[in-house]
Amino acid sequence: MIKREFLPEETRMMFNIADHGMEVVMPTTVDWEQVLPSFKDFRCDASAGKDVICSIRIIEKPIDIEPGAAKVLKEESGLFGYEFCLMESKNNYIVDIQYVEGGMQYRMVTNKTFSSAKAYVDCKDKYAAMIVSLFLMIAFGQSAVRHETFLIHASAVEKDKKGYLFLGKSGTGKSTHSELWMRYIADTELLNDDNPAIRIEKDGSVYVYGTPWSGKTPCYKNSRAVLKAMVRLEQASANRFTRRKGVEALTTLLPGCLSMRWNEWLYNQLCNLLEMVIDKVEVGYLECLPDEEAALLCYKEIKEF
Numbered sequence: 004m005i006k007r008e009f010l011p012e013e014t015r016m017m018f019n020i021a022d023h024g025m026e027v028v029m030p031t032t033v034d035w036e037q038v039l040p041s042f043k044d045f046r047c048d049a050s051a052g053k054d055v056i057c058s059i060r061i062i063e064k065p066i067d068i069e070p071g072a073a074k075v076l077k078e079e080s081g082l083f084g085y086e087f088c089l090m091e092s093k094n095n096y097i098v099d100i101q102y103v104e105g106g107m108q109y110r111m112v113t114n115k116t117f118s119s120a121k122a123y124v125d126c127k128d129k130y131a132a133m134i135v136s137l138f139l140m141i142a143f144g145q146s147a148v149r150h151e152t153f154l155i156h157a158s159a160v161e162k163d164k165k166g167y168l169f170l171g172k173s174g175t176g177k178s179t180h181s182e183l184w185m186r187y188i189a190d191t192e193l194l195n196d197d198n199p200a201i202r203i204e205k206d207g208s209v210y211v212y213g214t215p216w217s218g219k220t221p222c223y224k225n226s227r228a229v230l231k232a233m234v235r236l237e238q239a240s241a242n243r244f245t246r247r248k249g250v251e252a253l254t255t256l257l258p259g260c261l262s263m264r265w266n267e268w269l270y271n272q273l274c275n276l277l278e279m280v281i282d283k284v285e286v287g288y289l290e291c292l293p294d295e296e297a298a299l300l301c302y303k304e305i306k307e308f
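Structure, rendered in C-alpha cells:
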C-alpha cells in the first residue's frame, strides 16, 4: 500500500481502474474534470478499500535531470504524440513527451516499478488533458503488470456478459470490425475502443475491463466482462479464420501489449500473464474484408471454440 503526505494546496483523487486503485494528486487550482474528462466514471471514494497500485503527482514546475545521469532507451516520433523519449537513470525511468511539433515538452519521472511518479504538466496548456492521460496510462499500464493486469491495444466489445477483443496494427480495422459486430450481431455493445485492461483473478478467471483510455472513440465504461476470445485482424481479399495455440497465440497477442522490454522483470511478468491468459481464452487470426460476412464468420468461429 502506497502512503503519501499531501500538501494543503493539493487535491488527492482515487480512481478505480480494472478494480485497482490509482491515485492522482493535483494542485487545487486545477479543475480535474477538465484535465481528466474520461476519468469521471472511474472516480471512487479514497476510503473505498482499493489498494493503491500506482500514485502520480502532477506538478507545474519543470523537472530537471543532471546531464549524463540518464541513458536513452527509446526515441520515436509519432508514438504518444510528436516526440517520445524514454530514459533510465539509476533509480528511475524518465518519460518525455512533446505532443505537437513546436509544442511544450513534458516529463514524467517514475520509480522502477512505476508505482510512484511525478509529472510536470502545465495544466493551462491546450494539450494538457492528453498529456496527463498519456502519463497516467503509461504508469498504470506498467504498474498493473505486477498485479496480474495489463493493457492491450485493441477494440473490445461485449455480448451476453462476455468480452471479445480485436487486435491489429493501426489502420487494420479494429474499430470497423467492432462496428460490424454491433451492426450485425444482436445485443453487442462497445466496451472500449483502444486500450482495454485484462485482469486474471485469483481463481484463474480472466476479465476484460473498460478503461479511461479509448482512443478517438469516447467510450469510457467502468465495467467488465468475462473474456471469451481475442482475434488479431489482417486486411485481405477474402475472409478466413484460423485458430492460434501455444507460441503462435503468444506471438499473436504480444505486439499489442503495452510492454516495458527494458525492464526484464516487468517484461517476463507480462509474458507469464499472457501464457496464463491463452490457457483460458481462445485466440484467433482473421484475414478479412470490412464487411458483414467477416463479422458473422468471426462470431461463428468463436462460438464453436
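When we follow the numbering used here, the leftmost residue of the sequence shown carries the number 4, and every step to the right adds one.
Ideal placement from N, C-alpha and C gives every residue a C-beta, glycine not left out.
- In the three-state reduction of the DSSP assignment, Cys301 falls in the helix class, which pools H, G and I.
- The C-beta of Arg264 has fewer than 16 other C-beta atoms within 10 Å across all chains shown, which makes the residue exposed.
- Looking at the DSSP output, Ile201 bridges to Phe153 and Val211.
- The shortest C-alpha to C-alpha distance from Asn242 to any of Asp48, Ile203, Lys303 and Tyr167 is the one to Lys303.
- By the criterion of a C-beta distance shorter than 6 angstroms, Ser92 is surrounded in its chain by Ala72 and Ala73, once the five residues flanking it on both sides are discounted.
- Judged by DSSP secondary structure, Val38 falls within the alpha helix (DSSP H) whose first and last residues are Trp35 to Val38.
- For Asp99, the enclosing beta strand (DSSP E) covers residues Asn95 to Gln101.
- Distance check between Pro215 and each of Glu36, Val28, Glu13 and Thr175 places Glu36 closest, using alpha-carbon atoms only.
- Distance check between Met29 and each of Leu137, Thr220, Leu273 and Val124 places Val124 closest, using alpha-carbon atoms only.
- Annotated as proximal: Ile61 and Val135, with beta-carbon spacing under 8 angstroms.
- Burial is judged here by how many other beta carbons sit within 10 angstroms of a residue's own beta carbon; Ser240 has fewer than 16 and is exposed.
- Contact holds between the stretch 270–278 and the stretch 141–156, because three or more Cβ pairs, one in each stretch, are under 8 angstroms apart.
- For the 8 angstroms CB-CB criterion, Cys222 and Leu193 form a contact.
- Three or more beta-carbon pairs drawn from the stretch 42–50 and the stretch 14–32 are found closer than 8 angstroms, and the two stretches are therefore classed as touching.
- DSSP places Glu161 in the uninterrupted beta strand (DSSP E) bounded by Ser158 to Lys162.
- The beta carbon of Tyr96 is closer than 6 angstroms to those of Thr113 in its chain, skipping five residues each way along the sequence.
- Its chain contains Met111 and Ala122 as the residues whose beta carbon lies nearer than 6 angstroms to that of Phe138, once the 5 sequence neighbours on both sides are disregarded; these appear in chain order.
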